[in-house]
Amino acid sequence: MCNNFKNKAVRDLAWSVCSQGLLKDELVLDEGVLRDEYLKFEPQLIQWDRNPKPLVDFMNTKNTRRLGHYFEQLIFFWLQRSERFEIVANNIPLRTNKKHTLGEVDLIVYDEKIKVYQHWELAVKFYLAINTGGKTTYIGPNANDYFHLKIQKLKEHQCKILESEEGKSLLSELNIPHVQTKLFVKGFLYYHPKQACIPWENIHPDHARSWWIYLKEAEELLTDTHQFALIHKDEWLSTPTLPKKILTKKECLNTLKQELELSPRSIYLTTYKNGIFKSSGFVVKDSWPLI
Numbered sequence: 004m005c006n007n008f009k010n011k012a013v014r015d016l017a018w019s020v021c022s023q024g025l026l027k028d029e030l031v032l033d034e035g036v037l038r039d040e041y042l043k044f045e046p047q048l049i050q051w052d053r054n055p056k057p058l059v060d061f062m063n064t065k066n067t068r069r070l071g072h073y074f075e076q077l078i079f080f081w082l083q084r085s086e087r088f089e090i091v092a093n094n095i096p097l098r099t100n101k102k103h104t105l106g107e108v109d110l111i112v113y114d115e116k117i118k119v120y121q122h123w124e125l126a127v128k129f130y131l132a133i134n135t136g137g138k139t140t141y142i143g144p145n146a147n148d149y150f151h152l153k154i155q156k157l158k159e160h161q162c163k164i165l166e167s168e169e170g171k172s173l174l175s176e177l178n179i180p181h182v183q184t185k186l187f188v189k190g191f192l193y194y195h196p197k198q199a200c201i202p203w204e205n206i207h208p209d210h211a212r213s214w215w216i217y218l219k220e221a222e223e224l225l226t227d228t229h230q231f232a233l234i235h236k237d238e239w240l241s242t243p244t245l246p247k248k249i250l251t252k253k254e255c256l257n258t259l260k261q262e263l264e265l266s267p268r269s270i271y272l273t274t275y276k277n278g279i280f281k282s283s284g285f286v287v288k289d290s291w292p293l294i
């Protein structure tokens, strides 16, 4: 239901609220709450799909160059219009007296329904699963990021940042006696069609998933009757917009080879049949993750 909107920004907004989270953890914000919020929000999304100006104008005033910032601003836009949640503070850096930065508090909200303050840590992540020694490891597309380290940082540092003296001082300034901490982590995990990778126990069983392949496998594994497009990072959240130019398989293979020779970055590829979106995934260098 998140991908039924015609406007890409509205589609991304819907996806940010209603898509399945990546984690299964006691700290994760209740998915039932998000489903209920989405259903209440859907009529407004339908209106914005007809006239997205309020959303577009809001996003144009924000720093959205990085995908994580774009995701955050979509969440803020939703919360500013939520009847249940009130934004109390967002993007607050915590520093010691020596001006050392401890980190940033993503978001503090007040839940009007249960009368509780909550600290939300937001993240949108994309990782490729690889079988290493019989175990599944999730690695970022450009091999510079690991999901287990991200989860560790979120749970052991970011989620506990308000327990620091600086965090307690911030809560005192905001007149907040107690706060619950919640994780709000969305994204996709990608699996190789020829590797057996069992998701971790703390990965939600219904998480969004797709595929990744090596460049040397592209000719074999990409479907002859499909068309293709290389997609920029700002299209990663919900279903990408159909590009004006899509590639035949031969054109795609040549482009993939040229692009991966010039750049260390993995390539996000979408596949279409008769102009209809079929899937998206990553094509990586043959030496990945050693790139």
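Going by this note's numbering, the first residue of the sequence shown is number 4, and it counts up by one from there. Don't be surprised by glycine CBs; every beta carbon is placed ideally from N, CA and C.
Among the options, nearest to residue i - alpha-carbon criterion
i, options, result
"VAL119", "THR184, SER283, GLU262, SER213", "THR184"
"GLU124", "LEU224, VAL182, TRP214, ILE133", "VAL182"
"PHE233", "LYS219, SER282, HIS207", "Checking the sequence, you will find Leu at residue 233 rather than Phe. Closest by alpha carbon: SER282."
"ILE206", "PHE61, SER241, GLN50, GLU29", "GLU29"
"THR1", "TRP203, ARG69, LYS252, GLU264", "In this structure the chain extends from 4 to 294, so residue 1 is not present and cannot be described."
"LYS128", "SER22, ALA221, ASN178, LEU97", "SER22"
"GLN164", "ILE95, LYS247, THR67, HIS210", "One detail in the question is off: residue 164 reads as Ile in this sequence, not Gln. Ranking the options by Cα distance to ILE164, first place goes to ILE95."
"ARG69", "ASP237, CYS255, LYS288", "ASP237"
"GLU254", "SER241, THR228, THR242, HIS235", "THR228"
"GLU223", "SER241, LEU256, GLU204, THR242", "LEU256"
"CYS162", "LEU265, PRO208, VAL108", "VAL108"
"GLY284", "ASN277, GLU264, LEU240", "LEU240"
Whole-number beta carbon distance between residue j and residue i, since they are thought to touch under 8 Å
i, j, result
"TYR194", "TRP291", "About 14 Å; that fails the 8 Å criterion."
"HIS160", "GLY106", "6 Å"
"TYR41", "VAL20", "5 Å"
"LEU77", "LEU16", "5 Å"
"LYS24", "LYS197", "The displayed chain sequence assigns Gly, not Lys, to residue 24. Rounded, the Cβ-Cβ distance is 28 Å, inconsistent with contact."
"LEU250", "PHE231", "5 Å"
"ILE142", "LEU157", "About 17 Å separates the two Cβ atoms, so there is no contact after all."
"TRP215", "VAL287", "6 Å"
"ASN147", "CYS200", "About 20 Å separates the two Cβ atoms, so there is no contact after all."
"THR67", "TYR73", "4 Å"
"GLN50", "ARG84", "Not confirmed; about 11 Å, so no contact."
Those residues which DSSP pairs with residue i across a bridge
i, result
"VAL286", "ILE216, ILE270"
"ILE279", "LYS276"
"VAL31", "LEU186"
"ILE206", "LEU26"
Close-in-space but distant-in-sequence residues of the same chain around residue i (CB under 6 Å, 5 per side omitted)
i, result
"LEU82", "PHE88, ILE90"
"PHE80", "PHE61"
"PHE187", "LEU32, TRP123, LEU125"
"GLU45", "none"
Nonlocal neighbours in the same chain, by C-beta distance under 8 Å from residue i, ignoring five residues either side
i, result
"THR99", "LEU105, GLU169"
"THR244", "LYS11, GLU238"
"LYS171", "LEU165"
"LYS260", "LEU218"
"PRO208", "LYS27, PRO202"
"LEU97", "THR104, LEU105, GLY106, GLU107, VAL108, ILE164, SER167, GLU169, GLY170, LEU173"
"GLU262", "LEU233, ILE270"
"ARG38", "CYS21"
"ALA221", "CYS255, LEU256, LEU259, VAL286"
"GLU115", "GLU86, ARG87, PHE88, GLU89"
Contacting residues, own chain, Cβ-Cβ under 7 Å from residue i (five flanking each side not counted)
i, result
"VAL112", "LEU82, PHE88, GLU89, ILE90, VAL91, GLN121, TRP123"
"LYS9", "ASP52"
"ARG268", "ASN145"
"VAL59", "ALA12"
"PHE191", "PHE129, ALA211, ARG212, SER213"
Beta strand (DSSP E) runs contained entirely in the region 229–253, provided each spans 3 or more residues: Assignment of beta strand (DSSP E) within the region 229–253, counting only whole runs of 3 or more residues, yields 230–233 in chain order.
Every unbroken alpha helix (DSSP H) within the region 63–145, with a cutoff of 4 residues, ordered by chain: The qualifying runs are 70–83.
Residue ranges of each beta strand (DSSP E) within the region 136–191, 3 or longer: Within the region 136–191, the beta strand (DSSP E) runs of at least 3 residues that lie entirely inside it are, in chain order, 138–142.
Complete alpha helix (DSSP H) runs within the region 36–65 (minimum length 4 residues, chain order): DSSP runs (the alpha helix (DSSP H)) wholly in the region 36–65: 56–63.
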